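J.:
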Amino acid sequence: MNKLKKALGLCWILLGPAAVVFLFIQAIEKTRLAEPGIAQTNTALQWGIILFIFIPISAGLVIFGYYAITGAYEKEEL
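First residue of the sequence shown? That's 1 in full-length UniProt numbering, and the numbers climb one at a time after it.
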């Protein structure tokens with residue numbers, strides 16, 4: 001079970017930054033596809049809010065993965 005936790009910890013560490021990069025790419029693409037003017041401004045604002053909320057969540061995934069790799073969640077047998 002501890003090997004599984006460590007393997008998943010590596011997945012969380014890789015998933016956090018990958019998700020942020022994916023969201024930035026999507027934000028740029030969707031903002032460029034919006035009609036110029038107010039629609040483009042609204043789209044950029046919406047994606048800015050999404051990124052502002054998701055970046056701390058992504059950082060939490062990386063921290064969670066780090067703790068899983070270092071063994072912080074291992075149970076001690078009594």
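Glycine residues also receive a C-beta, built at the ideal position from the N, C-alpha and C atoms.
On a predicted model such as this, the values are computed, not experimentally measured, just so you know.
1. Kindly indicate the opening and closing residues of the alpha helix (DSSP H) around Glu29.
2. Going by DSSP, what residue range makes up the alpha helix (DSSP H) through Tyr67?
3. Which residue wins for smallest C-alpha separation from Leu15, given the options Thr43, Thr70, Ile63?
4. Anyone know if the C-beta pair for Ile13 and Gly65 falls short of 7 angstroms?
5. Using 10 angstroms around the beta-carbon of Gly9, count the other beta-carbons present and answer buried if the total reaches 16, otherwise exposed.
T.: In this structure, then:
1. That run of the alpha helix (DSSP H) goes 2 to 33.
2. Here the alpha helix (DSSP H) through Tyr67 covers 38 to 70.
3. The option with the nearest alpha carbon to Leu15 is Ile63.
4. Yes, these two residues count as a Cβ contact at 7 angstroms.
5. Counting other Cβ atoms within 10 Å of its Cβ, Gly9 reaches 16 or more and is therefore classed as buried.
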